[in-house]
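So in my numbering, the last one in the sequence shown is 333, and the numbering has no gaps at all.
In this text, a Cβ means the ideal position worked out from N, Cα and C, and glycines have one as well.
Just so it is clear, the structure is predicted and the values come from calculations on it, not from any experiment.
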Amino acid sequence: MMETVELSMISILVLVLIAVVAGYIDTLVGGGGLITIPALLAAGIPPIVALGTNKLQAVAGSGTASLTLLLKGKVQFSEVRWWMLAAFIGSAIGSVAVQFIDSGALRVIIPVVLVGIAIYFLFMPRNIEPDRKPRLNRTAYGLSAVPGVGFYDGMFGPGTGSFFVWAGVALRGQTMVPATIVAKTLNFATNVASLLVFVAFGKVLWLVGGAMIVGQFIGASLGARTLLKIDPSVLRYLVILMCGIILLAWWRQ
Numbered sequence: 081m082m083e084t085v086e087l088s089m090i091s092i093l094v095l096v097l098i099a100v101v102a103g104y105i106d107t108l109v110g111g112g113g114l115i116t117i118p119a120l121l122a123a124g125i126p127p128i129v130a131l132g133t134n135k136l137q138a139v140a141g142s143g144t145a146s147l148t149l150l151l152k153g154k155v156q157f158s159e160v161r162w163w164m165l166a167a168f169i170g171s172a173i174g175s176v177a178v179q180f181i182d183s184g185a186l187r188v189i190i191p192v193v194l195v196g197i198a199i200y201f202l203f204m205p206r207n208i209e210p211d212r213k214p215r216l217n218r219t220a221y222g223l224s225a226v227p228g229v230g231f232y233d234g235m236f237g238p239g240t241g242s243f244f245v246w247a248g249v250a251l252r253g254q255t256m257v258p259a260t261i262v263a264k265t266l267n268f269a270t271n272v273a274s275l276l277v278f279v280a281f282g283k284v285l286w287l288v289g290g291a292m293i294v295g296q297f298i299g300a301s302l303g304a305r306t307l308l309k310i311d312p313s314v315l316r317y318l319v320i321l322m323c324g325i326i327l328l329a330w331w332r333q
């Protein structure tokens, strides 16, 4: 059964504006989900529906990035297709699992996860040195780390891209740029799988998600074209600050 939530036009406009900010910051330093998910919760949207609606935006963003990389030949589909399938399956399982977690429990779990990811996002290493030799071969990597990260993305999501990058560098010996490119394609697969599950369970607000996609697109475009040289660390602190403020507003409702 499709979930319905009554939101005023003002609330939707505020969410769109927040999506603009999230899209801008996410383009430059990542972490957009740390802003959009708390914003959806603060708007009075049930936790499980907030996760599903956020996936609609995630598919649009990661899909655009993946298609661009594939068309430009930065990554070959034949090289990542089995990993994408593994990521898809892991994410689908995670998304099904989260449907059966009590809403009251999610009200506690989601903020804890977001705070944990925010701390990781703040202190994660900026440059990870790759091992010269992969610790896992392609098959082992595709059967362990890829579906594992996919499962997390299916359940929650924020930070998934950086987890895929870290895994590629630490376990496959990739350098940052190739690891980031592959991560985009895997993240797209996890987002699609998760969205399909949330849609099947009727946990997506299409109007809200569609409006926020527009905001994300505007923000991402501004981020890609900005001429301002902003210290990435400043933006990271801004992400954490916004995440904290919005979560606090939701928690006090």
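Ile298 and Gly111 - do their beta-carbons sit closer together than 8 Å? no
With DSSP run on the structure shown, which of helix, strand or coil describes Ala137? Here residue 137 is Gln; the residue named in the question, Ala, does not match the sequence. In the structure shown, Gln137 sits in a helix (DSSP, three-state: H, G or I).
When DSSP labels each residue in this structure, what does Lys264 get in the three-state scheme? helix
Complete alpha helix (DSSP H) runs within the stretch 162-213 (minimum length 4 residues, chain order): 183-203
Endpoints, alpha helix (DSSP H) assigned at Ile117: Gly113 to Ala122
Coarse secondary structure for Leu216, derived from DSSP in three states: coil
Determine the contact status of Val100 and Gly237, defining contact as a CB-CB distance below 8 Å. no
In three-state DSSP terms, what is Phe236? coil
Measure the alpha-carbon distance for Ile24 versus Val257 and round it to whole angstroms. In the structure as shown, the chain starts at 81 and stops at 333, and residue 24 therefore has no counterpart that could be examined.
Assign Gly222 to one of three DSSP states: helix, strand, or coil. helix
With a 10 Å radius around its C-beta and 16 neighbouring C-beta atoms as the bar for buried, classify Phe157 as buried or exposed. exposed
How many Å lie between Ser183 and Gly174 at the Cα? 16 Å
Val314 and Phe201 look like a contact to me (Cβ under 8 Å); what is the Cβ gap, rounded to whole Å? That belief does not hold up - the Cβ atoms of Val314 and Phe201 are roughly 14 Å apart, past 8 Å.
Measure the C-alpha to C-alpha separation of Ala122 and Ala329 and round it to an integer number of angstroms. 6 Å
Is Leu285 helix, strand or coil by DSSP? coil
Output needed for Ala198: all residues of its chain with C-beta closer than 6 Å, excluding positions within five of it in sequence on either side, in chain order. Leu114, Ile320 and Cys323
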